[in-house]
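Going by numbering that gives the first Met the number 0, the first residue of the sequence shown is number 0, and it counts up by one from there.
Note that beta-carbon positions come from the ideal geometry of N, C-alpha and C, so glycine has one too.
Working notes for the structure below.
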Amino acid sequence: MSGSTQSSDTPATPAFSFHRYAVGDATIVAVFDGRNPIPLADGFVPNASRADVSAALAAAGGDPDIVPITFTPIVIENGSRRIVIDTGTGEANVEASGGKSGWFQTNLTAAGIDRREIDTVIISHFHGDHINGLLTRDGHRAFPNAEILVPQAEWDFWMDDARMAAAPNDRAKAAFANARRVFDQLNRQVTHYAWDKEAAPGITAVGTPGHTPGHTSFRAKFGGETVFIQSDVTNLPALFARHPHWQAAFDYDGEMAVATRLRIYTELAAAGTRVQGFHYPFPGLARLEKLADGFNAIPVSA
Numbered sequence: 000m001s002g003s004t005q006s007s008d009t010p011a012t013p014a015f016s017f018h019r020y021a022v023g024d025a026t027i028v029a030v031f032d033g034r035n036p037i038p039l040a041d042g043f044v045p046n047a048s049r050a051d052v053s054a055a056l057a058a059a060g061g062d063p064d065i066v067p068i069t070f071t072p073i074v075i076e077n078g079s080r081r082i083v084i085d086t087g088t089g090e091a092n093v094e095a096s097g098g099k100s101g102w103f104q105t106n107l108t109a110a111g112i113d114r115r116e117i118d119t120v121i122i123s124h125f126h127g128d129h130i131n132g133l134l135t136r137d138g139h140r141a142f143p144n145a146e147i148l149v150p151q152a153e154w155d156f157w158m159d160d161a162r163m164a165a166a167p168n169d170r171a172k173a174a175f176a177n178a179r180r181v182f183d184q185l186n187r188q189v190t191h192y193a194w195d196k197e198a199a200p201g202i203t204a205v206g207t208p209g210h211t212p213g214h215t216s217f218r219a220k221f222g223g224e225t226v227f228i229q230s231d232v233t234n235l236p237a238l239f240a241r242h243p244h245w246q247a248a249f250d251y252d253g254e255m256a257v258a259t260r261l262r263i264y265t266e267l268a269a270a271g272t273r274v275q276g277f278h279y280p281f282p283g284l285a286r287l288e289k290l291a292d293g294f295n296a297i298p299v300s301a
């Protein structure tokens, strides 16, 4: 089931809104936060030429000079539970992005979900497009009744003062500062979870480091069915699934991100498991096909 909404606000809400599908006796709601088409820059893929990246974008039917980055948090409806996994770019980003993103809360309402009904928020990693939606436009808790769960390994890294002081570049420095801004406004009231254990009933945390040191994916299993919520194991699949050895400029450890991607995608393709990708084209659900030199992410609706 899909739905869409348009807001009377300016800028207008993008057309995509939400998409529901079943995983066993649970329902996944993919909720559109936005889509940011960024100009392809030299070094976006540090270990590939701009020409090769441009050709890959064109081969996927896109603009060879634009990288279209989609943001899709999800809600899991399981009995009386309402669990959010990642929160998007934040309401304040609607204005900051010129209306390209920041629509998670608007589209959550369109899906018939009251933010006050969310009992758990699980964060995969601490990049701003995943944590900024923890706060409202005016800096309050976006989910006032929810327990906020964060990866222990991710917290240990980003909250370490020595690591912050040693941040290797401006992007990393900004990420440290933003993570502390968000969690300080929440008075650091979070619960840490470990890899290879359930973060919430039916949702097992899977360590997938590289994109960030504590980056986490989730194996959600309900009623005998499974979906793998990958977070940022890849960004745009036309680039990083099709060319899994490519690193992304956003990756903290590009070589580790590649090793993680190859391991996880090989397993998922062999098992035929559905994959929910935060940066996949909306609604972000696919099955992986193993190719001789990479993977094809084949969109599915359910």
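- If you look at P236, you'll find it in the alpha helix (DSSP H) that goes P236 to F239.
- Pairing Q188 with F142, the inter-Cα distance amounts to about 13 Å.
- The alpha carbon of P63 has as its nearest neighbour, out of D155, E224, A237 and W154, the alpha carbon of A237.
- Annotated three-state conformation of N35 is strand, per DSSP.
- For I112, there is no enclosing beta strand (DSSP E), as DSSP marks it with neither H nor E.
- Counting of Cβ neighbours within 10 angstroms places V93 among the buried residues, the total reaching 16 or more.
- Counting C-beta pairs closer than 8 Å gives three or more between the stretch 136-151 and the stretch 107-118, which meets the contact rule.
- Going by C-alpha positions, A268 is about 13 Å away from Q229.
- Residue pairing of S16 in beta bridges, as defined by DSSP: absent, with no partner found.
- Taking C-beta atoms as the reference points, T207 and T259 count as a pair closer than 8 Å.
- In the DSSP assignment, I297 falls outside any alpha helix (DSSP H) and within the unbroken beta strand (DSSP E) covering G293 to P298.
- Looking from the CA of I263, the closest CA among N168, F294, L235 and P280 belongs to F294.
- The C-beta of S79 has fewer than 16 other C-beta atoms within 10 Å across all chains shown, which makes the residue exposed.
- Between E76 and V28, the CB-CB gap stays under 8 Å.
- The Cβ atoms of H278 and I68 lie closer than 8 Å to each other.
- According to the DSSP assignment, F227 belongs to the beta strand (DSSP E) that extends over E224 to S230.
- Residue ranges of uninterrupted beta strand (DSSP E) with 3 or more members, entirely inside the stretch 240-284 and ordered along the chain, are 273-276.
- CA-CA distance, R286 to P150, rounds to 26 Å.
- Shortest Cα-Cα distance from L235 to any of V30, H18, S53 and G23 involves S53.
- Around the beta-carbon of R170, fewer than 16 other beta-carbon atoms lie within 10 Å, marking it exposed.
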